[in-house]
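Residue numbers (my numbering), protein chains in the order written: chain A, 130 to 245; chain B, 48 to 154.
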């Protein structure tokens with residue numbers, strides 16, 4: 130069955146970076162893009178961007194350009210998102226999702242907390 | 048960006064009732080609309096895609112309809128497990144955007 134297994138919760142200091150992972154299984158990894166979504170109580174769900182898992186090409190929401198960097202390791206069927214120059218506003222749950230026009234399968238989410 | 052206005056923000060209904068949730072897009076999204084269910088502490092689960100197509104394994108009491116800028120999710124014969132937050136997603140144009148969510152409470 131399709132599974133997206135994300136890495137564990139992160140506690141980070143302001144100004145630092147974190148890199149979270151999303152390991153896919155149960156399907157041909159390079160047949161679908163992987164997208165990333167941010168969820169907060171205040172802002173709801175926000176689309177960050179996607180990565181073409183075959184070519185490594187990316188598309189970012191303008192709001193997250195410079196904040197998020199998406200990469201992929203085809204050999205391990207894993208997608209990554211690095212968040213840089215963290216501020217408290219980056220505290221959220223971050224999801225990866227398999228992208229087939231819509232998002233049909235989601236990872237379990239990673240809680241990122243930014244605090245000094 | 049396409050704005051998705053979802054209503055109501057919250058809803059209280061009894062077991063066996065039928066409820067509807069609406070999403071209004073700021074421009075035509077050509078049926079490129081998905082609906083999700085999310086329970087506390089869990090990731091979203093796809094219910095409906097392309098406005099009215101039922102995802103495999105989703106009970107038939109869930110249905111979607113609409114066109115152009117107006118879309119709705121209908122849940123027939125509410126069951127206790129339907130208590131959750133529901134939200135819409137437009138996948139017509141990047142950046143994809145979500146509705147703010149509807150919290151469904153069962154009386």
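No residue lacks a Cβ here, since even glycine has one placed at the ideal position from N, Cα and C.
Using a Cβ cut-off of 7 Å, which residues of the stretch 120-139 of chain B contact any Cβ in chain A, in chain order?
From the stretch 120-139 of chain B, only 134, 136 and 138 have a Cβ closer than 7 Å to chain A.
Hey, residue 154 of chain B and residue 59 of chain B are a contact pair by Cβ (cut 8 Å); roughly how many whole angstroms apart?
6 Å
So residue 63 of chain B and residue 82 of chain B are in contact, right, with Cβ under 8 Å, and what is the actual spacing, rounded?
Rounded to whole angstroms, the Cβ separation of residue 63 of chain B and residue 82 of chain B is 21 Å, and the two are not in contact under 8 Å.
Residue 176 of chain A versus chain B: which residues are under 9 Å apart at the beta carbon?
By Cβ distance, chain B contributes 136, 141, 142, 143, 144 and 145.
Below 8 Å on C-beta distance, what does residue 238 of chain A contact in chain B?
90
Step through the CB atoms of chain A and report whether any lies within less than 8 Å of the CB of residue 81 of chain B.
yes
If the cut is a Cβ gap below 7 Å, which residues of chain B does residue 173 of chain A touch?
By Cβ distance, chain B contributes 145, 147 and 148.
Using only CA atoms, which one of B:100, B:109, B:104 and B:49 lies nearest to residue 175 of chain A?
That would be B:49, whose Cα lies nearest to the Cα of residue 175 of chain A.
Among residues of its own chain, excluding the 5 on either side of residue 146 of chain B, which ones have a beta-carbon nearer than 8 Å to its beta-carbon?
51, 52, 53, 70, 134, 135 and 136
Does the distance from the C-beta atom of residue 144 of chain A to that of residue 214 of chain A stay below 8 Å?
yes
Which class does residue 219 of chain A belong to by DSSP, given the choice of helix, strand or coil?
helix
Check each candidate in A:236, A:221, A:241 and A:160 and name the one with the smallest Cα separation from residue 185 of chain A.
A:160
What residues from chain A crowd round residue 93 of chain B, counting only those whose CB sits closer than 9 Å?
231, 232, 233, 234 and 235
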